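From first to last, the protein sequence lines are chains C and E. Counted the way the numbering used here counts, the first sequence spans residues 62 to 497. Counted the way the numbering used here counts, the second sequence spans residues 179 to 640.
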Amino acid sequence: MSEQTNSLRNVRQLASMLHELDDMLVSCMRCGICQSVCPIYGATMREADVARGKIALLENLANSMIADAEGVNAKLNRCLLCGSCQKNCPSGVNSLDIFLRARGIVTGYMGLSPVKKIIFRGLLVRPGLFNIFLEISGKFQGLFLKDANTTLGTSCSSLLRPVVGDRHFPALAKEPFHAQLSSLDTPAGASGLRIAFFPGCVSDKLFPNVPAAMLTVMQKHEVGVYMPPDQGCCGIPALASGDRKTYDALVRRNVELFCAGSFDYLITPCATCAATIKEIWPKLLEGHSEKIREKIGLLQKKTIDVSAFLVDVLKVPLPASSREGKRITYHDACHLKKSLGVSEQPRVLLNGLPGWQLVEMPEADRCCGCGGSFSLFHYDLSSQIGQRKRDNIVSVRPDAVATGCPACMMQIMDMLSHNNDHIPVKHVIELYAETL
Amino acid sequence: MAISSALIKEFSVICGKENVLTEEVDRMSYSYDAAVLTPVVPALVVSPPAQEELGKTVKLAYDNDLPITIRGSGTNLSGGVIPEQGDGLVILTNKLNRILEINKEDLYAVVEPGVITAQFAAVVAGHGLFYPPDPGSQAVSTLGGNVAMNAGGLRGLKYGVTKDYVMGMEIFDYRGELVKTGSRTVKCVTGYNMAGLMSCSEGTLGIFSNIIFKLVPPPKASKAMMAVYADINKASETVAGIIAAHIVPCTLEILDQNCIKHVEAYTKAGMPLEAAAILLIEVDGGHAQMVEEDTVNVIEICKKCGATDVRIARNAEEKNTLWEARRNALPALARAKPTTVLEDATVPRSKIPAMVAAVNEIAKKYALDIGTFGHAGDGNLHPTILCDRRNKEEFHRVEAAVDEIFDVALKLQGTLSGEHGIGMAKAKWMEKETNRATIEFSKNLRRALDPKYLFNAGKKVL
Chain C
62 MSEQTNSLRN VRQLASMLHE LDDMLVSCMR CGICQSVCPI YGATMREADV
112 ARGKIALLEN LANSMIADAE GVNAKLNRCL LCGSCQKNCP SGVNSLDIFL
162 RARGIVTGYM GLSPVKKIIF RGLLVRPGLF NIFLEISGKF QGLFLKDANT
212 TLGTSCSSLL RPVVGDRHFP ALAKEPFHAQ LSSLDTPAGA SGLRIAFFPG
262 CVSDKLFPNV PAAMLTVMQK HEVGVYMPPD QGCCGIPALA SGDRKTYDAL
312 VRRNVELFCA GSFDYLITPC ATCAATIKEI WPKLLEGHSE KIREKIGLLQ
362 KKTIDVSAFL VDVLKVPLPA SSREGKRITY HDACHLKKSL GVSEQPRVLL
412 NGLPGWQLVE MPEADRCCGC GGSFSLFHYD LSSQIGQRKR DNIVSVRPDA
462 VATGCPACMM QIMDMLSHNN DHIPVKHVIE LYAETL
Chain E
179 MAISSALIKE FSVICGKENV LTEEVDRMSY SYDAAVLTPV VPALVVSPPA
229 QEELGKTVKL AYDNDLPITI RGSGTNLSGG VIPEQGDGLV ILTNKLNRIL
279 EINKEDLYAV VEPGVITAQF AAVVAGHGLF YPPDPGSQAV STLGGNVAMN
329 AGGLRGLKYG VTKDYVMGME IFDYRGELVK TGSRTVKCVT GYNMAGLMSC
379 SEGTLGIFSN IIFKLVPPPK ASKAMMAVYA DINKASETVA GIIAAHIVPC
429 TLEILDQNCI KHVEAYTKAG MPLEAAAILL IEVDGGHAQM VEEDTVNVIE
479 ICKKCGATDV RIARNAEEKN TLWEARRNAL PALARAKPTT VLEDATVPRS
529 KIPAMVAAVN EIAKKYALDI GTFGHAGDGN LHPTILCDRR NKEEFHRVEA
579 AVDEIFDVAL KLQGTLSGEH GIGMAKAKWM EKETNRATIE FSKNLRRALD
629 PKYLFNAGKK VL
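Spelled out as structure tokens, the structure:
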């Protein structure tokens, strides 16, 4: 009995915490248009999986009409945070903002799972330790990985099955990017511009060719680069898991690190990092001092996707688009198109690649199903959504797939590899760098 | 939850365990639709995977006296799929989403009820044909839901509404027996026109298993234009003038001053803020030359009736820009305040100025912000009340205003609802528009087809 009253009191406390979201929740008019774009709903057709359903559940939790906080939390986590619902919402509901804040509130109430605690609070928040841990893993991974698809460079592992499931993943780089080059500080060349460079974790650890290509491109166009050492994660994995404490610490660390230098633009080859810095950092300011808030505002203004930088700022000269040559198709990363509104610029770059022709796949802007740690905890759902992306890709018989986000690259590689498709997956900047 | 675990098990045997939702978090997300009404959480939600299982589910539920609400995508605006109180059962149709046949020779299609309207229209277009009904929710609404609510849309004036495309169907009766009506032929007088009866039945008479839809050849050319008016009466005269000239535009939409103001605040697209109303007109047809002639005539009529400005879209891009205003009407209004109460009182088209004037009076009387847009050619207006449902005092005023809007519509020889349906929201008004005998007749009909009154009992006719 007393236990029951206790838990009721706690749920009431949770309800009052959720009331801070009230003004955002109430703007959902329950039209249901989010069903047409939600990748999860597309796979399950369950109302609790779509934004309208989740918002209704949060409202009911806030108004104490449901006591099953754990159940609501489980539904909240069935979300890729792709932003498709927000982008297409007729009444302009800030669903991404709602879900990120709600995850923080509910996790604060229920506590972070022990595994996540180790990863976020033990490793992620300490970039040095995180790097050492992954470097050791990288050295020994050959012992338990088996090649899955040589075109894609993916591996699979029966030993790691409990952690990675049946994934086909790119092995950790033999030498992560930061080990090849820990920092950089070069002056602006003929372009008169200097960028701050944020490679992002996935590029650094899995695709070091991507940041390397970035630097080649900047050098060629005579753009100065400021890359401070010991960069931390942008914070999104922690925030998505509701760990606001780790997230705030990572944001603070990166803000101080970058604002110590001078530069015109902040560039990252990762769509998710770019969207986090530009769209999410400025929205969650509560835990920061006035000084940090100002700096976040400054970084927001300066952050730009790499293809947008090349096309809109540098205005790089490109040959006319071709209807001949090898076929390349492009996947719109959610955080590029839906969060940052960047969809034309990467296509402009791809259209100008000598020897290639751009062929559009159906549903190019439909989410690939990765969703960061979503794919770890909901691999079945993630691969079901990914399979649709894979089918759309192969339907246009491409010789390669390009995208602007290393996380999407990872997911698309997994899907293609499982289907035994020999189609290489490249970052737009890698392909552009090859032409220089 | 009072449904016994033994009964739940029986549903699981029919539909599979994964298609029977018992958890509160799952059931709760079927407690509402797009109407601003109090949600009711169902006791059980079942999602039959195929037509046969749908029939068995209906029979089992009926035999066990469960109140049944059939639900597609849950987009209706009248509370038509809010579950019944008590041991309410929700049956989902969204797994019944196969297009069974598209026949290009005989111009029809056979579909299951859970097919999404816009996806169907796209597949039909891929076959070089046209399915015209285009309700505002078409991106997510189901065809079964469209038939149950007789959904309309922007093309009503020329192409009609959903019921005009229903050729026949198969339905499960309360015993779970399959009943057939209509056919794949243009003409069919076999038996009662039950497909006609089922259109607009709001889930109260039977459960659709599959539906035969008429398809038409697509228009070969179209032209869009926008006319601006300083006086809304002149816009209305234009509508009458166009019809009198025997031109039937495929769309003929109106936005009133307050709506224009909100669209401009949202889009900053340079809308004519001083205008009392704008008309958006599109003509289409089988020959480009005929469309050109109609366009010239429509422009002339607009000018003769006192339009202060007429713009014509010369290409697809300009057409898109013109339609931007109409497309943004609801998003602009919906963003202005937290809650959007979207009405659809409909009047004979000549009464539009009187209706708009009355709506503006009502807005003033109850101190509410109401923007009106709608289908001028059909007399189907959408007075949209912008409010905050958390403000109880304000919401009382909203309810009073809605009642008064209905009163005016009926006085102008109009109707309660042009396309959103009666559902729970307007059932109490039915007798006022019709009479006691009509209600009794409808109830007798219901009792004959649903003796236990279990099919969406609290909807449509009380």
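We put the beta carbon where it would ideally sit given N, CA and C, even for glycine. In this text, all values refer to a predicted model and were calculated from it rather than measured experimentally.
Worksheet item: Nearest chain E C-beta to M62 (chain C) closer than 8 Å, yes or no?
Response: Since pLDDT at M62 (chain C) reaches only 42, below the 50 mark, its modelled position is unreliable, and no value is offered.
Per DSSP, L356 (chain E) is paired with what? For L356 (chain E), DSSP records a beta bridge to E:F350.
Checklist line | Separation of E317 (chain C) from I353 (chain C), as counted between CA atoms | finding: Their backbone Cα atoms lie some 8 Å apart in a straight line.
Would K281 (chain C) pass as an interface residue toward chain E - the criterion being a Cβ-Cβ separation below 8 Å? no
*Write down the C-beta distance between V527 (chain E) and G484 (chain E) rounded to the nearest angstrom, noting that I regard them as a contact closer than 8 Å.*
The question names Val, but residue 527 (chain E) is Arg in the sequence shown. Incorrect: roughly 17 Å between the Cβ atoms, too far for contact.
Between the Cα of S209 (chain E) and those of E:T247, E:T382, E:P261 and E:L332, spot the shortest distance and give me the residue it belongs to.
E:P261
What residues in the region 229-240 of chain E bring their beta carbon closer than 7 Å to a beta carbon of chain C?
none
Exposure of P188 (chain C), with buried meaning 16 or more beta-carbon neighbours within 10 Å = buried
Problem set entry | Nearest-angstrom beta carbon gap, A335 (chain C) and L401 (chain C) [assumed within contact, 8 Å] | 6 Å
Chain-ordered residues of the region 560-573 of chain E with a beta carbon less than 8 Å from chain C:
Along the region 560-573 of chain E, the positions whose C-beta sits under 8 Å from a C-beta of chain C are D566, R567 and R568, read in chain order.
Mind listing the chain C neighbours of T518 (chain E)? Cutoff is C-beta to C-beta under 8 Å, in chain order.
-> M90 and S152
Name, in chain order, the residues that DSSP records as bridge partners for F633 (chain E).
E:I246
Would you call the region 116-132 of chain C and the region 264-278 of chain C in contact, with 3 or more CB pairs under 8 Å?
no
- Item | Residues that V203 (chain E) contacts on chain C, provided the C-beta gap is smaller than 8 Å | A109, L118, I127, D129, G132, V133, A135 and K136
Is there a C-beta anywhere in chain A that falls below 8 Å from the one on N197 (chain E)?
Here the protein chains are C and E, and chain A is not one of them.
Report task. Can you check DSSP and say which residues form a bridge with R489 (chain E)? Result -> E:M404
query = Does the Cβ of R492 (chain E) have 16 or more other Cβ atoms within 10 Å, making it buried, or fewer, making it exposed?
reply = exposed
Q.
Here's the rule I'm using: 16 or more other beta-carbon atoms within 10 Å means buried, otherwise exposed. How should P290 (chain C) be labelled?
A. exposed
| field | Cα-Cα separation between C193 (chain E) and T212 (chain C), rounded to whole angstroms | value | 43 Å
Along chain E, in chain order, which residues have C-beta atoms closer than 8 Å to that of M171 (chain C)?
Simply none; closest approach about 14 Å.
### Message
Taking the alpha-carbon of V98 (chain C) as reference, which of C:H80, C:S88, C:Q147 and C:G114 has the nearest alpha-carbon?
### Response
C:Q147
Other residues of its chain near D246 (chain C): CB distance less than 7 Å, five sequence neighbours each side excluded:
Y287.
Flag V87 (chain C) as yes if its beta-carbon sits less than 8 Å from any beta-carbon of chain E, otherwise no. At least one chain E Cβ lies under 8 Å of V87 (chain C).
Margin query: Less than 8 Å between the C-beta atoms of M422 (chain C) and N453 (chain C), yes or no?
Written below: yes
For this session: Identify the contact partners of G252 (chain E) in chain C, using a Cβ-Cβ distance below 9 Å as the criterion.
Result: R91, G93, Q96, E108 and R113, listed in chain order.
Can you have a look at K446 (chain E) and say buried or exposed, based on whether 16 or more other CB atoms are within 10 angstroms of its CB?
Exposed, by the Cβ-count rule.
Can you tell me the Cα-Cα spacing of V489 (chain C) and K398 (chain C), whole angstroms?
Roughly 14 Å separates the two Cα atoms.
> Using 8 Å as the Cβ pair cut-off and three pairs as the minimum, do the region 463-477 of chain C and the region 256-266 of chain C touch?
Replying inline: yes
| request: Check distances from the C-beta atoms of the region 494-520 of chain E to those of chain C and list, in chain order, the residues that come in under 8 Å. | output: L508, P509, A512, R513, P516, T517 and T518
* **CB contact flag (I563 (chain E), L588 (chain E), <8 Å)** => no
| task | Would you kindly check if the distance between the Cβ of R249 (chain E) and the Cβ of L215 (chain E) is under 8 Å? | result | no
task: Using a Cβ cut-off of 7 Å, pull out every chain C residue sitting near V318 (chain E), in sequence order please.
output: G93, I94, Q96 and S97
### Task
List in chain order: all unbroken beta strand (DSSP E) runs of 3+ residues lying wholly within the region 409-475 of chain E.
429-434 and 455-463
| task | Report yes or no: do the region 589-596 of chain E and the region 616-623 of chain E share at least 3 C-beta pairs separated by less than 8 Å? | result | no
Drop a sphere of 10 angstroms on the beta-carbon of I338 (chain C), count the other beta-carbons inside from all chains shown, and report buried for 16 or more, exposed for fewer. By the neighbour-count rule (16 or more Cβ atoms within 10 Å), I338 (chain C) is buried.
key: Contacts around M62 (chain C), its chain only, beta-carbon distance under 7 Å, and the 5 residues preceding and following it disregarded   = Confidence at M62 (chain C) is low in this model, with a pLDDT of 42, below 50, so its placement is unreliable and the value that follows should be read with caution. If we look at M62 (chain C) and ignore the five residues flanking it on each side, it has no Cβ neighbours.
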